[in-house]
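Undergrad:
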Amino acid sequence: HVMHRLNYHQGYIQLRGAVIQFLLGVGTVITGQSAGREGPAVHLGAAFSSLLGQWLRLPNNSIRTLVACGVAAAIAASFDTPIAGVIFAMEVVMMEYTIGVFTPVILAAVSAAVLTRAVYGAEPAFEVPLVTLQSLLELPWILLVAALIGVAAALFIQLIEAAGRFDHRPILLRLLMAGLFMVPFALLVPEVMGIGYDTVVQTINGQLALWVLLGVGLAKLVATGVSVGLGMPSSIIGPTLVTGATLGGALGLVGAALMPEQASTVGFYAMLGMGAMMGAVLQAPLAALMALLEFTHNPHIIMPGMLAITVASLVTSEVFGKKAVFQSMLKAQGLGYDTSPVTQALRRVGGGAIMERSVKVAPRMLEGDAIAGLLTAGTRWVLVEGSKGPVSLLLTAGLARFVEQRESEARERGEPAAVEAAVDLMAIPAKRQDVSAVSYQATLEEALQTFERTGAEVLYVRQYLSYGIVRIAGVLHRADIDSYYQAGVVRV
Numbered sequence: 001h002v003m004h005r006l007n008y009h010q011g012y013i014q015l016r017g018a019v020i021q022f023l024l025g026v027g028t029v030i031t032g033q034s035a036g037r038e039g040p041a042v043h044l045g046a047a048f049s050s051l052l053g054q055w056l057r058l059p060n061n062s063i064r065t066l067v068a069c070g071v072a073a074a075i076a077a078s079f080d081t082p083i084a085g086v087i088f089a090m091e092v093v094m095m096e097y098t099i100g101v102f103t104p105v106i107l108a109a110v111s112a113a114v115l116t117r118a119v120y121g122a123e124p125a126f127e128v129p130l131v132t133l134q135s136l137l138e139l140p141w142i143l144l145v146a147a148l149i150g151v152a153a154a155l156f157i158q159l160i161e162a163a164g165r166f167d168h169r170p171i172l173l174r175l176l177m178a179g180l181f182m183v184p185f186a187l188l189v190p191e192v193m194g195i196g197y198d199t200v201v202q203t204i205n206g207q208l209a210l211w212v213l214l215g216v217g218l219a220k221l222v223a224t225g226v227s228v229g230l231g232m233p234s235s236i237i238g239p240t241l242v243t244g245a246t247l248g249g250a251l252g253l254v255g256a257a258l259m260p261e262q263a264s265t266v267g268f269y270a271m272l273g274m275g276a277m278m279g280a281v282l283q284a285p286l287a288a289l290m291a292l293l294e295f296t297h298n299p300h301i302i303m304p305g306m307l308a309i310t311v312a313s314l315v316t317s318e319v320f321g322k323k324a325v326f327q328s329m330l331k332a333q334g335l336g337y338d339t340s341p342v343t344q345a346l347r348r349v350g351g352g353a354i355m356e357r358s359v360k361v362a363p364r365m366l367e368g369d370a371i372a373g374l375l376t377a378g379t380r381w382v383l384v385e386g387s388k389g390p391v392s393l394l395l396t397a398g399l400a401r402f403v404e405q406r407e408s409e410a411r412e413r414g415e416p417a418a419v420e421a422a423v424d425l426m427a428i429p430a431k432r433q434d435v436s437a438v439s440y441q442a443t444l445e446e447a448l449q450t451f452e453r454t455g456a457e458v459l460y461v462r463q464y465l466s467y468g469i470v471r472i473a474g475v476l477h478r479a480d481i482d483s484y485y486q487a488g489v490v491r492v
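Each residue of the sequence shown is one higher than the one before, counting from 1 in my numbering.
#1: Under the three-state reduction of DSSP, which class applies to Q327: helix, strand or coil?
#2: Roughly how many whole angstroms lie between the Cα atoms of L15 and H43?
#3: Per DSSP, which residues does Y460 bridge with? Please list them.
#4: Is M3 helix, strand or coil by DSSP?
#5: Please state if the CB of S264 and the CB of E138 are separated by a distance shorter than 9 Å.
#6: Under three-state DSSP, which class holds E407?
#7: Within the chosen definition, does the stretch 439 to 454 reach the stretch 346 to 360 through at least 3 CB pairs nearer than 8 Å?
#8: Taking the beta carbon of P260 as the centre, do at least 16 other beta carbons fall within 10 Å, making it buried, or is it exposed?
#9: Determine, using beta-carbon pairs with one atom in the stretch 269 to 277 and one in the stretch 238 to 246, whether at least three such pairs fall under 8 Å.
#10: For the stretch 78 to 89 and the stretch 107 to 120, state whether three or more C-beta atom pairs, one from each stretch, are separated by less than 8 Å.
#11: Considering E385, what are the terminal residues of the alpha helix (DSSP H) in which it resides?
#12: Tell me whether T443 sits in a helix, a strand or coil according to DSSP, three-state version.
#13: May I ask you to report which of helix, strand or coil DSSP gives V490?
#14: Report the rounded CA-to-CA distance for F88 versus D424, giving the unit in angstroms.
#15: Verify whether the separation of the beta carbon atoms of V382 and M426 is less than 9 Å.
#16: Just to confirm the assignment, what range does the beta strand (DSSP E) spanning S62 have?
#17: Give a yes or no on whether the C-beta atoms belonging to L251 and L148 are separated by under 9 Å.
#18: State the Cα-Cα distance for the pair V492 and G164, rounded to the nearest angstrom.
#19: Does the distance from the C-beta atom of S317 to that of S34 stay below 9 Å?
#20: Measure the alpha-carbon distance for L240 versus A153 and round it to whole angstroms.
#21: Three Cβ pairs or more, each shorter than 8 Å: is that satisfied between the stretch 359 to 371 and the stretch 449 to 457?
#22: Per DSSP, K360 forms a beta bridge with which residues?
#23: Below 8 Å, how does it come out for the stretch 285 to 294 and the stretch 219 to 236: are there three or more Cβ pairs, yes or no?
#24: For a quick check, are the C-beta atoms of V178 and L230 less than 9 Å apart?
#25: Could you tell me the distance, in whole angstroms, from the CA atom of V490 to the CA atom of L346?
#26: Just the Cα atoms here: how many angstroms apart are G275 and G305?
#27: Tell me the rounded alpha-carbon separation between V2 and L23.
#28: I need the DSSP call for P170, collapsed to helix, strand or coil.
#29: Assign T296 to one of two classes, buried (16 or more other C-beta atoms within 10 Å of its C-beta) or exposed (fewer than that).
#30: The beta strand (DSSP E) with L51 in it runs from where to where?
#31: Starting from the C-beta of L374, find all residues in its chain whose C-beta is less than 8 Å away, skip the five residues before and the five after it, and write them out in chain order.
#32: Is it buried or exposed for E38, if we count other Cβ within 10 angstroms and need 16 for buried?
#33: Would you tell me roughly how many angstroms separate the C-alpha atoms of T65 and V105, rounded to the nearest one?
#34: Excluding sequence positions up to five away, which residues of its chain have a Cβ less than 7 Å from the Cβ of M232?
#35: Can you check which of these residues, A46, G217, V475 and L155, is closest to A324 by C-alpha distance?
#36: Short of 7 Å in beta carbon distance, which residues of its chain neighbour T199, apart from the five on each side in sequence? Order them along the chain.
In structure tokens:
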């Protein structure tokens, strides 16, 4: 939902939609569905940030940044992982790394983590004992584990896509189907129900048998994939961590049976499985690695974690051709997510930042005194006002040439200059350009879309000062957008 609002609505989240998403997410967790607790938190953080930006009438590019701040704060508060929250917001939600976005996102994540620790204490999401790589001889086995986790991640995404084909069905019917689908899992594998973090802790501490781990991992994968695909408002990160931990722990037990002298603990493989599954499903290897580091507080996990996360992500994306799960969910709904460099660059800047401000609005019929005032003001552009708003734009120099020519012709005829005569700005011989309106809050991407949709040559930028009060802040040419991109992006 958050990524859909970012891509198609510039981060604008309405209060009604935010409340519905939050309540549905909370209801999913309370009723024991296979869901994570961070889902409602992410929706609430993103919605509050978006509503704050709308209330302050910030430009749309700033609202997008605020949404990323809300997401980072929610992840940081849910798992006590501020670094992972920052990287998740940049890598998964924004899909870009820029200094202008990094700084506020970092501040938001740190603030959320500090506040959470002040209120609830500094308790981590999982109590993880010291886990390390026992021997380099384990590296081939880690590669195999990572590849199998990548297969599981691809299966998870495939299940979501397959269940998403029922998107045309009524939402209540799909929710009923998802609930009924969970019944046999609840009866046969009750560990699948709920958040499942207690199962993760038991797995890390080596308290579960091989077949239990395999059963819970596969059941969690299937149950969550189908229910999410059917439209259940369930968080994906939590179930992904549970699935990765149980499958990784199971493969760790197999490794211990094959190499009892060199094998690391089950907890070590459970943590690798968590990171690999998260990285492969989200296609966010750096966010997964940072989460792994913050979960364990152990730098020794970095090297094997990098290996496992990278291999699992590559297997999912390159071998099976799967995109990140959120992109796959949007695609299943017939929606895309544009991450091209041009689009990303144009989304970062508002039209108000590069518009031409030297513009005056004038009525079509301009009297002599008004002409003199306009010419002496040094304004470059004249925006001609029609009965329903501005209709054309012309250079002030064109008006000046016409007035000068008219006075010259009058002198040649021996007549006094007609300084008081009115001028029809739509009739004088000057180059006029068709115009259309764009909001001051619009990004350059929206401005470019307005150019293409309306066929206008110039956009005039409307700024809402208060309710019912609007002023023309400037004009924006398509060449201005091209120049910005060439100078500010291509050069870099």
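Idealized CB from N, CA, C, for every residue including glycine.
In this text, all values refer to a predicted model and were calculated from it rather than measured experimentally.
TA: In this structure, then:
#1: In the structure shown, Q327 sits in a helix (DSSP, three-state: H, G or I).
#2: For L15 and H43, the distance between alpha carbons rounds to 11 Å.
#3: DSSP lists A437 and V475 as the bridge partner or partners of Y460.
#4: For M3, the three-state secondary structure derived from DSSP is helix.
#5: A contact, by the Cβ cut-off of 9 Å.
#6: Helix, per DSSP.
#7: Contact between the stretch 439 to 454 and the stretch 346 to 360 is established, with three or more Cβ pairs separated by less than 8 Å.
#8: Residue environment for P260: exposed (fewer than 16 other C-beta atoms within 10 angstroms of its C-beta).
#9: The answer is yes - the stretch 238 to 246 touches the stretch 269 to 277, with three or more Cβ pairs under 8 Å.
#10: The count of Cβ pairs closer than 8 Å, one atom from the stretch 78 to 89 and one from the stretch 107 to 120, reaches three, so the stretches are in contact.
#11: Segment W381 to G386 is the beta strand (DSSP E) holding E385; no alpha helix (DSSP H) there.
#12: Note: T443 maps to strand in three-state DSSP.
#13: Reliability fails at V490, whose pLDDT of 48 lies under 50, so the model's placement of it is uncertain and the value that follows must be treated cautiously. Residue state, collapsed to three classes: helix.
#14: Separation of F88 and D424 (C-alpha to C-alpha, rounded to the nearest whole angstrom) is 58 Å.
#15: Their beta carbons are not under 9 Å apart, which means V382 does not touch M426 by this criterion.
#16: Here S62 belongs to no beta strand (DSSP E); instead the alpha helix (DSSP H) covers N60 to F79.
#17: The Cβ atoms of L251 and L148 sit closer than 9 Å to each other.
#18: Interpretation of V492 is limited by its pLDDT of 43, a score under 50 that renders its predicted location unreliable; the figure taken from the coordinates is listed afterwards. When the Cα atoms are used, V492 and G164 turn out to be separated by approximately 40 Å.
#19: It is not a contact, given that the beta carbons lie outside the stated cut-off.
#20: Before going further, note that residue 240 is Thr rather than Leu in the sequence given. Near 9 Å, if we compare the C-alpha coordinates of A153 and T240.
#21: Verdict: no, contact absent.
#22: The partner list for K360 (beta bridge, DSSP) reads V382.
#23: Contact between the stretch 285 to 294 and the stretch 219 to 236 is absent, because fewer than three Cβ pairs lie under 8 Å.
#24: Here the sequence assigns Ala to residue 178, which means Val is not the residue at that position. Against a cut-off of 9 Å, the Cβ pair of L230 and A178 comes out as a contact.
#25: With a pLDDT of 48 at V490, under the threshold of 50, the modelled position of this residue cannot be trusted, and the question is left open.
#26: When the Cα atoms are used, G275 and G305 turn out to be separated by approximately 7 Å.
#27: Distance between the alpha carbons of V2 and L23: 15 Å.
#28: Judged by DSSP in its simplified three-state form, P170 adopts coil rather than helix or strand.
#29: By the neighbour-count rule (16 or more Cβ atoms within 10 Å), T296 is buried.
#30: First-last for L51: E38 to W55, but that is the alpha helix (DSSP H), not the beta strand (DSSP E).
#31: Correct list, in chain order: K360, A362, L366, V382, T396 and L399.
#32: Burial call: buried.
#33: T65 and V105: Cα-Cα distance of roughly 8 Å.
#34: Cβ neighbours of M232 beyond the five flanking positions: T28, Q33, L175 and A178.
#35: Closest by alpha carbon: L155.
#36: Within the same chain, T199 has close Cβ partners E191, V216, V242 and T246.
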